[in-house]
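Heads up: the structure comes next, in structure tokens.
Chains as they are written, first to last, in the working numbering: chain B, 990 to 1200; chain P, 35 to 278.
Written out as structure tokens, the structure is:
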């Protein structure tokens, strides 16, 4: 074996170390990120399994997906983020009424969205570590008319990872509902907001039954 | 032949400036103008645009509607090209050029999109995003008659997009083709629009907030969303009030 000339030999070790360090840095995804990605992938797989199960009627599929969503999202936290400062000004009763009504509202909304499911493929594209140990997992839904980018913000709770926001094409659900809640509370008060949520639900449920 | 609609839109925006509509809340100073226009647009959609779009949906099949959408998207290549170059993103401009050449020829005038399978990704750039990248602020939210949610920066951007539209350069019936595009797009997004209408607690605020968030994200550029470590624009959303 030919020996390297001395100056090059002196450089060889640092370069080798550098290459190894870089390789390690690139391959090591933060463990929290890896967990969060796994959680999202698992949830996507679970939903797909339900939707592809030909022994289930559409209503049964919706019930199972709803149950899964209740499990994987932290509705108490989502409600508090949506209400922001208004939460502190509300009574215990108003708070729990809001959480219940809001949870039901989201679930009815997304049940309806399942009607238009056309076997789209979903892939995880990237993830990002956020402050307070949160992780954002970025997914792409492949559709006929172009792709849609859907990001999930996740937080590790004592019960495990839970979704705390969905960001579709840059639009955060929490931010969007916060704007609406702020407008309604500002004009009519918190009770009016809760009543609006309940009325919407009745409309949506009867609308679903009619069709 | 030029299109007169944007001129009317600009005129209205300026009338609003002059009339001093700046009386609403900080995030929507022109609310006094916007809300009546929104009600007008909702009526126009309910009684004219949506019924026409549903008729179009009835006489066409979904594959055709997607093909028509791809055709118009392909034709709006010049504005994506100029916007990418204007943002200093030559790679995107090259992707878009490749897409345009492949889809116009092999993709039969753009009705099909083989370019995506040949490895040319699409980039949804427009002139408003280029202005945003240059640091021009969007300005107050404005609801334009018939054209929908906008802001002054992106209104000027839309006029730029329109000026770059090939339908203005080739002998084509501008209003006719424009109308097909509008009706076809409305038909394709009907499910989403109806869903949003039914589930929003305040549909005007829903539209205003979704539009504003979506445009901000478009300017930031979604491709860079993963690289900006801890750079989520939403961070202050996830503090509980007690933590402050």
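Every residue gets a Cβ at the ideal spot worked out from N, C-alpha and C, and that includes glycine. Since this is a predicted model, take the numbers as computed values, not measurements.
Straight-line Cα distance separating residue j from residue i
i, j, result
"residue 169 (chain P)", "residue 1136 (chain B)", "27 Å"
"residue 1046 (chain B)", "residue 1052 (chain B)", "10 Å"
"residue 214 (chain P)", "residue 167 (chain P)", "31 Å"
"residue 1191 (chain B)", "residue 239 (chain P)", "21 Å"
"residue 209 (chain P)", "residue 89 (chain P)", "19 Å"
"residue 1067 (chain B)", "residue 1060 (chain B)", "13 Å"
"residue 116 (chain P)", "residue 138 (chain P)", "18 Å"
"residue 244 (chain P)", "residue 1038 (chain B)", "31 Å"
"residue 273 (chain P)", "residue 185 (chain P)", "29 Å"
"residue 178 (chain P)", "residue 1027 (chain B)", "44 Å"
"residue 1032 (chain B)", "residue 206 (chain P)", "49 Å"
"residue 1100 (chain B)", "residue 252 (chain P)", "28 Å"
"residue 1154 (chain B)", "residue 203 (chain P)", "45 Å"
"residue 1029 (chain B)", "residue 127 (chain P)", "34 Å"
"residue 1172 (chain B)", "residue 132 (chain P)", "46 Å"
"residue 1146 (chain B)", "residue 234 (chain P)", "29 Å"
"residue 1055 (chain B)", "residue 1096 (chain B)", "6 Å"
"residue 176 (chain P)", "residue 236 (chain P)", "17 Å"
"residue 1103 (chain B)", "residue 229 (chain P)", "11 Å"
"residue 192 (chain P)", "residue 249 (chain P)", "13 Å"
"residue 189 (chain P)", "residue 1019 (chain B)", "42 Å"
Listed by chain order, chain B residues near residue i by CB distance under 7 Å
i, result
"residue 100 (chain P)", "1133, 1134"
"residue 103 (chain P)", "1134"
"residue 225 (chain P)", "1105"
Same chain, Cβ closer than 7 Å to residue i, five either side skipped, listed in chain order
i, result
"residue 1040 (chain B)", "1050, 1106"
"residue 1094 (chain B)", "1186, 1189, 1190"
"residue 145 (chain P)", "101, 104, 105"
"residue 1022 (chain B)", "1116, 1118, 1124"
"residue 1073 (chain B)", "1167"
"residue 157 (chain P)", "114, 118, 126, 129, 130"
"residue 271 (chain P)", "none"
Beta-carbon neighbours of residue i, restricted to chain P and to distances below 7 Å
i, result
"residue 1124 (chain B)", "Result: empty, since nearest Cβ-Cβ is about 10 Å, beyond 7 Å."
"residue 1054 (chain B)", "The contacting residues do not exist; residue 1054 (chain B) stays about 16 Å from chain P at best."
"residue 1111 (chain B)", "Within 7 Å Cβ-Cβ: nothing; residue 1111 (chain B) doesn't reach chain P, min ~16 Å."
"residue 1153 (chain B)", "272"
Run of the alpha helix (DSSP H) containing residue i, from where it starts to where it stops
i, result
"residue 1041 (chain B)", "1020-1041"
"residue 1059 (chain B)", "1047-1061"
"residue 1076 (chain B)", "1075-1078"
"residue 90 (chain P)", "84-93"
"residue 135 (chain P)", "124-139"
"residue 156 (chain P)", "From DSSP, residue 156 (chain P) is part of no alpha helix (DSSP H); its letter is neither H nor E."
"residue 1107 (chain B)", "Where residue 1107 (chain B) is concerned, there is no enclosing alpha helix (DSSP H), given that its DSSP letter is neither H nor E."
"residue 236 (chain P)", "Run containing residue 236 (chain P): none; DSSP gives neither H nor E here."
"residue 209 (chain P)", "208-222"
Per-residue contacts from residue i into chain B (C-beta, under 9 Å)
i, result
"residue 142 (chain P)", "Chain B residues near residue 142 (chain P): none, gap ~17 Å exceeds 9 Å."
"residue 232 (chain P)", "1098, 1101, 1189, 1192, 1193, 1196"
"residue 156 (chain P)", "1135, 1136"
"residue 18 (chain P)", "Given that chain P is displayed from residue 35 to residue 278, the structure contains no residue 18 (chain P) and the question cannot be resolved."
"residue 229 (chain P)", "1098, 1101, 1102, 1105"
"residue 121 (chain P)", "Those do not exist, as residue 121 (chain P) stays about 17 Å from chain B at its closest Cβ, beyond 9 Å."
Same chain, Cβ closer than 8 Å to residue i, neighbours up to 5 away in sequence not counted
i, result
"residue 1013 (chain B)", "No answer about residue 1013 (chain B) holds up, because its pLDDT of 49 lies below 50 and its placement is not dependable."
"residue 1078 (chain B)", "1179"
"residue 187 (chain P)", "162, 165, 166, 170, 171, 172, 173"
"residue 1184 (chain B)", "none"
"residue 224 (chain P)", "84, 87, 88, 91"
"residue 222 (chain P)", "99, 100, 103"
"residue 1148 (chain B)", "none"
Under 9 Å by beta carbon: chain P residues contacting residue i
i, result
"residue 1147 (chain B)", "Near residue 1147 (chain B) there are no residues of chain P at all, since even the closest Cβ is about 15 Å away, more than 9 Å."
Where residue i meets chain B, residues with beta-carbon distance less than 8 Å
i, result
"residue 239 (chain P)", "1168, 1169, 1172"
"residue 250 (chain P)", "1159"
"residue 244 (chain P)", "1160, 1165"
"residue 247 (chain P)", "1159, 1160, 1161, 1164, 1165"
"residue 76 (chain P)", "What residue 76 (chain P) touches in chain B: nothing, since even the nearest Cβ is about 17 Å away."
"residue 222 (chain P)", "1134"
Host beta strand (DSSP E) of residue i (start-end)
i, result
"residue 1114 (chain B)", "1110-1118"
"residue 178 (chain P)", "176-178"
"residue 183 (chain P)", "182-184"
"residue 1099 (chain B)", "Careful: residue 1099 (chain B) lies outside any beta strand (DSSP E), inside the alpha helix (DSSP H) at 1081-1102."
"residue 1155 (chain B)", "1149-1157"
"residue 1125 (chain B)", "1124-1131"
"residue 1146 (chain B)", "1137-1146"
Within chain P, the residues that residue i reaches when beta carbons sit closer than 8 Å
i, result
"residue 1186 (chain B)", "235"
Spatial neighbours of residue i in its chain, beta-carbon cut-off 6 Å, leaving aside the 5 residues before and after
i, result
"residue 1092 (chain B)", "1064"
"residue 241 (chain P)", "183"
"residue 108 (chain P)", "137, 144"
"residue 1111 (chain B)", "1033, 1128, 1130"
Cβ of residue i within 8 Å of any chain A Cβ
i, result
"residue 1183 (chain B)", "The displayed structure is made up of protein chains B and P, and chain A is not among them."
* Three or more C-beta pairs closer than 8 Å, one from the segment 1139-1147 of chain B and one from the segment 1122-1131 of chain B: is that the case here? -> Touching, per the Cβ criterion.
* Given 8 Å as the limit, is there contact between the segment 115-129 of chain P and the segment 74-87 of chain P, that is, 3 or more CB pairs closer than that? -> They do not touch, by the three-pair rule.
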